[in-house]
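Student: This is the structure I want to talk about, given as structure tokens.
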Amino acid sequence: MRYQQALGKALRDEMARDPGLFVVGEDVRESLRGVTKGLAEEFGANRVLDMPISEQMFTGFATGAALAGRRCVVEYQIPSLLYLAFEQIANQAQKLHLMTGGQAKVPVVYFVPGSGARLGLAAQHSDHPYSLFAHAGVKTVLPATAADAYGLLVASIRDDDPVVFLAPAAALPTREEVPDEPFVVPLGSGRIHREGHDVTVVAVGHLVHDALALADELADEISMEVFDPRTLYPFDWELLAASIGRTGRLVVYDDANRTCGLAAEIIATAAEEMPLLAPPKRVTRADVPIPFAVELELAALPSREQLAAAVRHVVREEVRG
Amino acid sequence: MRYQQALGKALRDEMARDPGLFVVGEDVRESLRGVTKGLAEEFGANRVLDMPISEQMFTGFATGAALAGRRCVVEYQIPSLLYLAFEQIANQAQKLHLMTGGQAKVPVVYFVPGSGARLGLAAQHSDHPYSLFAHAGVKTVLPATAADAYGLLVASIRDDDPVVFLAPAAALPTREEVPDEPFVVPLGSGRIHREGHDVTVVAVGHLVHDALALADELADEISMEVFDPRTLYPFDWELLAASIGRTGRLVVYDDANRTCGLAAEIIATAAEEMPLLAPPKRVTRADVPIPFAVELELAALPSREQLAAAVRHVVREEVRG
Amino acid sequence: MTAELYRTMRTIRRFEERVVDLVNANEIAGVTHEYVGQEAVATGVCAALQRDDVITSTHRGHGHVIAKGADVRRMMAELLGRVDGLNRGRGGSMHIADFALGIYGANGIVAAGAPFAAGAAWTAVQDASGVVAATFFGDGGANQGILHETMNLAALWRLPVIFVCENNGYAVTLSQARSTAGSLIERAAAYGMAAEAVDGMDVDAVLDAARGAVERARAGEGPTFLECRTYRFFGHHTAERTMKLGYRTDDEIASWRERDPLLVTGRGLGEAVRAQIDEDVEQLLDEAVEFARQSGRPDPVDAFDHVYASGLRPRSGVAS
Amino acid sequence: MTAELYRTMRTIRRFEERVVDLVNANEIAGVTHEYVGQEAVATGVCAALQRDDVITSTHRGHGHVIAKGADVRRMMAELLGRVDGLNRGRGGSMHIADFALGIYGANGIVAAGAPFAAGAAWTAVQDASGVVAATFFGDGGANQGILHETMNLAALWRLPVIFVCENNGYAVTLSQARSTAGSLIERAAAYGMAAEAVDGMDVDAVLDAARGAVERARAGEGPTFLECRTYRFFGHHTAERTMKLGYRTDDEIASWRERDPLLVTGRGLGEAVRAQIDEDVEQLLDEAVEFARQSGRPDPVDAFDHVYASGLRPRSGVAS
Ligand SMILES: Cc1ncc(C[n+]2csc(CCOP(=O)(O)OP(=O)(O)O)c2C)c(N)n1
Ligand SMILES: Cc1ncc(C[n+]2csc(CCOP(=O)(O)OP(=O)(O)O)c2C)c(N)n1
Ligand SMILES: [Mg+2]
Ligand SMILES: [Mg+2]
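Residue numbers (my numbering), protein chains in the order written: chain A, 525 to 845; chain B, 525 to 845; chain C, 22 to 341; chain D, 22 to 341.
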């Protein structure tokens, strides 16, 4: 099943299961992204609400419905629309449980079906802003594969806290078998896609596929373990520590801006807490807006060549001391 | 001179120097924070504009004026109001130069005179969100002392790019001599407040004062170098590398949320690029909204005791390998 | 009824006055925004609401929360940051809430609670529960974009929302004349919703208007906008007392004080009734302060409780 | 004049048609939002403006940029991502700008450019430059809070801003009836600004209304809101062609096509004049495409140029 279809199946299964669950967003009935297509016909128009272009309002609307007992998925057409809703997500929904001493819960999923770059969309449509939400302590999910997308979306919907769920644009066309029966991938559990003993490569989102391809390419030379966090917040530090315990080396491959990004968090936590034999490395975006021209865009995004160089470098580095 | 007065002096000196410079924000004429007090009387009401409660709009208003040739300081009464303006700052102002191929410049300072916690203001008024702007590549300044506040505010105003300038609430009452004549502290230059040879403590914002106090306390036991980045983006990596070259050990003391925060960036960059003799450590906020009750608030903020423990730990740690 | 309205207003007034004393005595941390002068608005609006109806409140929220029926003892405990506080000491003045009474919380961000009301109102329609949602905001809040976005949706979907604008003439130091173009009533009317100006110093007038709005809302006739003209007798917040700000004249304050809703309504009650209520209120508030003071302080080791509804525990800010 | 208006509309129309071909041929990356059908709005408004006047544009920006006078050769080069593009290939369709002509850029975020117009207009007043600023946005954009915040300020301060709402009936798939409560004209009027509905398919009507607005603005009489009723003949963006979306009927499209502003205005010109203009336009656009294709592609090593006006160079995404 295609990743995108898996998202649709997750929504459909959960809407069938929980009659209170509803979807809001722009054009969610016609569904430009295809994910919410048919849901209005299947579950009724009052379960799939097309909203005026008012992101702050409809984000807060979901909070209000959640406070009144509903679960909600809020779709955003572009990752940068989360900036408009940032106050409502990070400063309202996320904080309400604490601020009310545990009275309130806000089980809302902030859903971007197609985050990150998709060649040619330029600076305002290509951001991958998950690190901002992780910084705010908001649960943040970024599945790399179709089955994980399914299981994590189900888990996110059932979760009692706000969850930011980004489906990387570059992962949408990928395929993976997805069981017919509903299942959950619990938030906070990583996945080792490929075992290896020379180096742990943490690859984030769609870059998992790229890292796996590189692991194949380098198989004769280097044994790469490919670690997919799946959930960025909370992060599966235990699984990572176990992996690094085996490999002693770490490279992070991350399609977010470099500074204060998820890769920084992973490197920092590993440097503090895990037994590294050599200095770790990040391969990330630079902190630049994505330029329009495709040549420039590709130069601004992290690449497989950069990853290969970083992996080789880290593996060859002397044990430090 | 008090930190707060130094901010006022910087504004006054620059308004005298550049007749196009103006200030916008809420209550900037009466000036609850005291920083803009008297500016309207001195320079005219059309240089100090009280704005309706419309943060998105007045942030974009500043962009428009900047595009038309002005420089502007936008004041926000609370750090979390930057969340409302996030799209306008990080997705518009910050990106315009690149998006227009270098045509546009947006010399606007986003100014929060009193960021971070000030006991008893609870979850929505106590955030310290500088890491978000650093992640977006926005120049970000967080001076610890009065003279730096002066020199950096002048530099920020004269800079041709958007600059987020946060003055930590806890630093506002501190004093330092400030020369009478205008001067600039260039963006991107750190400051070593105290030399030491056992460990480099990077302290951020008001925590510099706390780190210096601890350095005194521990003087007989540990020789602490206290490093103040002053500008968070761009960061003075060279000065830090030189410091760590001398000490070989690193602790970061940072009043932001832990995950994907500035401390993560510092630890990550050091781990990648600098010669660490022992695993580094962060002392930060946990990723929690600040609770109201003072006991809880203090428990959620990073503390001098935690810093002392971390410093001792890092200094005693065996050279790794 | 008048006696009950007076009792509520008196409770708010004296609650606020005690709060100021406790702030000055450092028993309450931070700042609070006094509701003194505006009591008729919260009281009139909430008197038209039922227990299950929803309100969203503001930074200046004590009046709304009291009028909606919250226990003043637990409110006071909250302001003192105690474990028996409505929010277990986690929220304080700007986040005080009681979901059992439909009080979706004060809010530290101007107008940010407005869309919560729309979401709750929509849910009420879906559930056919008959619940209506009132959202309070100030004249300053009326200029926030999110409020317009919410008015548009509420009008478009005919949601049972009551927009209660407490126009006290100022947003901190900025007068309405310097903040607001045109007319708030006309803005609301342009969305196609019922909109009226109300004398916010007259609790009966507010109650009347609110009843009309509630009726329309429950009848499926959509939202109403009430611009309640009122005044705050003191500064923007408790900290303003030590600042010298000159944005309002003494004359202006004095002339509004003549219309003090407690005086006006109190006069109508007769001295004996009024005195009895005043005494009751004093006793209640004595109890509230006592209750709050007796309540335990939170244990710092619990600082990471209640961060996630799912029970997730955040990591510490220092690695172990 | 009519000939010039027609020439501009024809240039926009044919520019867009060529752009679609180039998108389909993968010579232009990403998606573009066609302005076809709405030409009379940009053309009429910009014909009332001077070179120094400012516009802020939208995701559907090519028409505005052409009408304001940008060089179509450099526009086309921008869309092809070339170094001679107006934005040196950094911006593309959604960010195309020419500051020499007061074109503050298309914008990828709905209504986000509106406050730029207010800031530029305020600066113009301070400088007594006589400049006015027009901000374009759609019926969808009219529901964004930031637009209301901007209308409030512009009306309050009587800024020389022209709010040009291009009401083409839809925001992507959402009809105006399903997005918008009440009346846009009344909303604007409630802020105390001049507001009128304009036939957006009639370039003379748009020009007339825009002239009135510019006059008011330059005379210090404040902002004007023009709701230009128009229609887009094609999908929301080039990618919609491959989607099967049923939000508009063929009949509806056909009936608006009868009012095609090019047909209407073209008829008035006489066949010979029209044919000559058409030929000129074709030649210009041939040149533009040729120019764009000849222009160099940016060098990947320059990916970090123009990020900071101060010349700061960002660090790479991999440590060296
Ligand atoms: C969005 C936002 N902007 C600014 C502030 C700071 N602030 C708190 S209250 C206030 C004034 C609010 O005025 P109004 O809405 O009239 O309410 P009032 O205080 O008069 O009751 C301001 C500017 C804030 N909390 N939130
Ligand atoms: C703030 C924001 N929300 C959503 C989008 C996605 N989006 C792009 S164009 C558009 C519809 C805009 O409708 P309208 O303003 O009527 O302009 P039109 O496309 O009809 O010209 C939407 C929803 C966006 N770019 N920005
Ligand atoms: Mg007010
Ligand atoms: Mg439209």
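Quick reminder that beta carbons are idealized off the backbone N, C-alpha and C, glycines included. Nothing here was measured: the structure is a model prediction, and the numbers come from that model.
So what does GLY634(B) bridge to, in DSSP terms?
Tutor: Note on identity: in this sequence residue 634(B) is Tyr, with Gly being the wrong assignment. TYR634(B) is bridged to VAL598(B), VAL688(B).
Student: Of the residues ALA569(B), GLY625(B), LEU605(B), which one's Cα is nearest the Cα of PRO637(B)?
Tutor: For PRO637(B), the closest of ALA569(B), GLY625(B), LEU605(B) by C-alpha to C-alpha distance is LEU605(B).
Student: Could you check whether ALA211(D) and ARG208(C) sit closer than 8 angstroms to each other, using their CB atoms as the reference points?
Tutor: yes
Student: When Cβ atoms are compared, which residues of the stretch 620-639 of chain B fall closer than 8 angstroms to chain D?
Tutor: Answer in chain order: LEU620, HIS621, LEU622, MET623, THR624, GLY625, GLY626, GLN627, ALA628, LYS629, VAL630, PRO631.
Student: Identify which residue in LEU786(A), GLY772(A), ALA735(A) has its Cα closest to the Cα of ARG487(A).
Tutor: With chain A covering only 525 through 845, there is no way to say anything about residue 487(A).
Student: Which term fits VAL322(C), buried or exposed, when burial requires 16 or more other beta carbons within 10 angstroms of its beta carbon?
Tutor: Around the Cβ of VAL322(C), a 10 Å sphere holds fewer than 16 other Cβ atoms; the residue is exposed.
Student: Measuring only from the beta carbon, is GLY772(A) closer than 7 angstroms to any heavy atom that is part of ligand 2?
Tutor: no
Student: Within 7 angstroms: the Cβ of ASN189(D) and any heavy atom of ligand 4?
Tutor: Between ligand 4 and ASN189(D), a heavy atom-to-CB distance of less than 7 angstroms is present.
Student: Can you name the residues of chain D whose CB is closer than 8 angstroms to the CB of PRO852(B)?
Tutor: Here chain B covers residues 525 to 845 and nothing more, so residue 852(B) does not appear.
Student: At a threshold of 7 angstroms, does PRO551(B) count as lining ligand 3 (C-beta to nearest heavy atom)?
Tutor: Checking the displayed sequence, the identity of residue 551(B) turns out to be Asp instead of Pro. Checking the Cβ of ASP551(B) against ligand 3 gives no.
Student: Could you give the C-beta distance for ALA133(D) and GLN612(B), rounded to a whole number, given that I count them as a contact under 8 angstroms?
Tutor: The Cβ separation is near 7 angstroms, so the contact holds.
Student: Would you mind stating whether MET748(B) and ALA737(B) have Cβ atoms separated by less than 8 angstroms?
Tutor: no
Student: Name the DSSP bridge partner or partners of LEU168(C)?
Tutor: DSSP, once it has assigned bridges, lists no residue as partnering LEU168(C).
Student: For chain C, find out if any of its Cβ atoms is closer than 8 angstroms to the Cβ of THR587(A); answer yes or no.
Tutor: yes
Student: Step through the CB atoms of chain D and report whether any lies within less than 8 angstroms of the CB of ARG754(B).
Tutor: no
Student: Considering just the uninterrupted stretch of the alpha helix (DSSP H) at GLU308(D), what are its terminal residues?
Tutor: 292-315
Student: Identify every residue that forms a DSSP beta bridge with ASN781(B).
Tutor: ARG809(B)
Student: How big is the Cα-Cα spacing for HIS54(C) and SER767(B)?
Tutor: Cα to Cα, the separation comes out at about 47 angstroms.
Student: Does the stretch 149-166 of chain D touch the stretch 104-112 of chain D, meaning 3 or more C-beta pairs lie closer than 8 angstroms?
Tutor: no
Student: Under 8 angstroms between the Cβ atoms of ILE33(D) and GLY90(D)?
Tutor: no
Student: Return no unless some Cβ of chain C is closer than 8 angstroms to the Cβ of GLN165(D).
Tutor: yes
Student: So ASN173(C) packs on SER578(A), CB below 8 angstroms; how close in whole Å?
Tutor: 7 angstroms
Student: Can you tell me which residues form a DSSP beta bridge with PHE546(B)?
Tutor: CYS596(B)
Student: Over the uninterrupted beta strand (DSSP E) stretch that includes LYS619(A), give me the two end residues.
Tutor: Unbroken run through LYS619(A) is the alpha helix (DSSP H), 618-623; no beta strand (DSSP E).
Student: Would ARG595(A) be called buried (16 or more neighbouring beta carbons within 10 Å of its own) or exposed?
Tutor: buried
Student: Using a C-beta cutoff of 8 angstroms, does VAL776(A) count as contacting chain D?
Tutor: no
Student: Give the interface partners of PRO757(B) over in chain A, defined as CB-CB distance under 7 angstroms, in chain order.
Tutor: Here residue 757(B) turns out to be Tyr, not Pro, going by the sequence shown. Correct list: THR783.
Student: Where does GLY845(A) fall in DSSP's three states?
Tutor: Annotation note: pLDDT 44 at GLY845(A) (below 50); position unreliable, no value reported.
Student: For GLY256(D), would you say it is in contact with chain A, using Cβ-to-Cβ distances shorter than 8 angstroms as the test?
Tutor: no
Student: Excluding the 5 residues flanking ASP220(D) on each side, which residues of the same chain have their C-beta closer than 7 angstroms to its C-beta?
Tutor: Non-local C-beta neighbours of ASP220(D) in its own chain, meaning closer than 7 angstroms and more than five positions away in sequence, comprise ALA226, ARG250, ordered along the chain.
Student: In the DSSP output, what is MET748(A) paired with across the bridge?
Tutor: Residue pairing for MET748(A): DSSP places it in a beta bridge opposite VAL723(A).
Student: With a threshold of 8 angstroms, are at least 3 pairs of Cβ atoms found where one atom belongs to the stretch 563-571 of chain B and the other to the stretch 116-123 of chain D?
Tutor: no
Student: Between which two residues does the alpha helix (DSSP H) harbouring ARG840(A) extend?
Tutor: 828-840
Student: What residues from chain D crowd round ARG809(A), counting only those whose CB sits closer than 9 angstroms?
Tutor: GLY338
Student: With DSSP collapsed to three states, give me the class of LEU645(A).
Tutor: coil
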